[in-house]
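For the sequence shown, my numbering assigns the number 4 to the initial residue and increments by one for each residue that follows.
Glycine residues also receive a C-beta, built at the ideal position from the N, C-alpha and C atoms.
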Amino acid sequence: MWQAEVRVDLDAIRENVSRLRSGTTAELMAVVKGDGYGHGMIPAARAALDAGADWLGVCTLDEALSLRRAGITEPVLAWLLAPGLALHEGVTAGVDLGAASLPQLEEMIKASRIAGRPARLHLKIDTGLSRGGATVADWPTLLDAAAAAQADGLVEVVGVWSHFVHADSPGHPTTDRQLAVFHEGLGMVEKAGLRPRYRHLANSAATLTRPDTHFDLVRAGLAVYGLSPVAGERYGLRPAMTARARVMLTKRVPAGAGVSYGHTYTTERGSTLAVIPLGYADGVPRHASNNGPVLLGAARRTISGRVCMDQFVLDCGDDPVAAGDVATLFGSGADGGPTADDWAEAVGTINYEIVTRFGSSRVPRVYDGERP
């Protein structure tokens with residue numbers, strides 16, 4: 004008997020990847036960083052590859068090496084690389100690396116020498132996000148240095164890429180401005196004598212809404228897991244994660260009973276309270292206190308009082324509920340229950356954060372649709 008669980012439908016991931024794949028002529032990268040957005044990196048990666056993903060994308064070197072240790076041989080790009088890492092391990096494992104500055108390039112050249120093989124690089128230009136990537140002013144210098152290293156057989160410039168600011172708001176003028184800067188940057192790439200196989204700019208939102216940004220490769224993250232990056236649109240995607248727990252106990256309390264820490268909730272009448280054994284240590288946002296939606300007994304309810312580290316309470320009024328009944332925090336919504344989007348709206352965040360939170364070691368992930 005289980006107490007709490009996160010169920011992940013791998014068939015939903017496969018369906019989502021197939022849908023994304025059918026909407027572009029570019030190759031598809033399934034982004035599985037952040038432990039597969041909370042869904043489990045290795046199972047999510049395998050499901051995505053089953054459905055035709057060509058690449059996998061991660062942030063850290065450790066994530067990339069974990070994929071290799073799991074026996075995954077398909078192309079992997081890792082792009083969040085601090086100084087001093089053992090990049091030669093990534094080069095040896097055939098991991099592609101993101102480079103955005105001369106110091107990063109120098110570290111990758113050093114890694115190439117240690118590994119005894121060229122480092123495969125994706126050079127990143129900052130087209131307006133002002134986060135990772137070389138500025139337009141610094142871009143020619145980086146390109147010239149990379150071209151020289153490639154001529155020396157130390158690196159192979161496989162890709163050129165950037166990242167959108169507002170692609171999740173279709174029609175936002177920033178997207179067109181970034182696309183123009185990217186084209187400008189590609190012109191500089193050609194002048195530097197580089198001919199990378201992959202140019203990539205589109206994230207999930209642009210994959211779904213801006214085919215003119217697809218180039219040679221698209222990077223789908225959130226959409227792989229069935230969540231939409233564009234508010235109010237579904238695009239036929241099917242959410243893969245369900246978070247639920249069994250009621251630990253119920254009790255009858257009188258009107259005026261304070262509930263949970265600080266008594267921020269008080270019963271208006273005699274009520275049945277249900278204690279749910281999930282809390283912020285398990286991924287439930289504390290900001291869901293007094294507003295998180297939960298399905299219990301075929302009715303949507305709202306968390307009563309503060310979310311604690313290990314539990315929260317639901318005021319069920321006079322409804323018949325009992326220990327062992329299943330409370331669903333979020334899922335596909337097909338049963339009328341809340342979705343990750345509903346939770347994001349309730350706590351003032353984004354659906355990305357909701358699913359990524361649920362990676363606690365004490366709440367097991369259960370996979371449906373596993374293949375041998």
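heavy atom of the ligand ATP below 7 Å from residue i C-beta
i      : result
Thr144 : No copy of the ligand ATP appears in this structure; indeed no ligand is present at all.
Beta-carbon proximity of residue i to residue j, cut-off 8 Å
i      : j      : result
Ser430 : Ala234 : In the structure displayed, the chain extends from 4 to 375; residue 430 sits before or after that span and is not available.
Asn293 : Tyr268 : yes
Leu64  : Leu88  : yes
Gly162 : Arg202 : yes
Cys319 : Leu276 : yes
Leu132 : Gly101 : no
Glu77  : Leu52  : yes
Phe361 : Gly265 : no
Thr130 : Phe218 : no
Ala291 : Val310 : yes
Leu126 : Val160 : yes
Gly308 : Ser263 : yes
Ala118 : Ile75  : no
Sequence-distant residues of its chain with Cβ nearer than 6 Å to residue i (five each side left out)
i      : result
Tyr40  : Tyr228, Val358 and Thr359
Gly334 : Thr245 and Gly340
Ala260 : Thr270
Trp82  : Gly101
Arg255 : Thr275
Ala248 : Ala7, Ile279, Pro280, Leu281 and Ala330
8 Å contact criterion, which residue i and residue j should meet: CB distance rounded
i      : j      : result
His169 : His175 : 4 Å
Lys36  : Gly60  : 7 Å
Ala209 : Ala33  : The Cβ separation is near 15 Å, so there is no contact.
Ala148 : Leu105 : 6 Å
Leu70  : Leu108 : Their Cβ separation, rounded to whole angstroms, is 24 Å, which puts Leu70 and Leu108 out of contact at 8 Å.
Ala1   : Ala103 : Residue 1 cannot be examined here, being either before or after the span of the chain that is shown, 4 to 375.
Glu30  : Leu220 : 5 Å
Pro232 : Thr342 : Going by Cβ atoms, the distance from Pro232 to Thr342 rounds to 14 Å, so no, they are not a contact pair.
Val94  : Ala114 : 5 Å
Leu230 : Asn354 : 5 Å
For residue i, the residue or residues it bridges with in DSSP
i      : result
Thr177 : Thr177 pairs with nothing; no bridge assigned.
Arg304 : Val297
Glu8   : Arg247
Leu100 : Ala81 and Leu124
Gly261 : Thr269
Phe333 : Ala246
Arg360 : In DSSP, Arg360 forms no bridge with anything.
Phe315 : Ile279
Same chain only: Cβ atoms within 7 Å of residue i, ignoring 5 sequence neighbours per side
i      : result
Gly43  : Val11 and Arg368
Tyr370 : Val11, Leu13 and Pro46
Met111 : Leu90, Leu100, Ala102, Ala122, Leu124 and Val158
Asp38  : Met44 and Gly362
Other residues of its chain near residue i: CB distance less than 8 Å, five sequence neighbours each side excluded
i      : result
Ala325 : Val250 and Thr253
Ala284 : Met312, Asp313, Ser363 and Arg365
Ala96  : Ala67, Leu68 and Arg71
Looking at C-beta atoms only, is the number of pairs between the stretch 209-216 and the stretch 152-164 that lie closer than 8 Å three or more?
no
Below 8 Å, can you find three or more Cβ-Cβ pairs linking the stretch 183-197 to the stretch 299-314?
no
Contact between the stretch 338-356 and the stretch 265-285 (3+ Cβ pairs under 8 Å):
no
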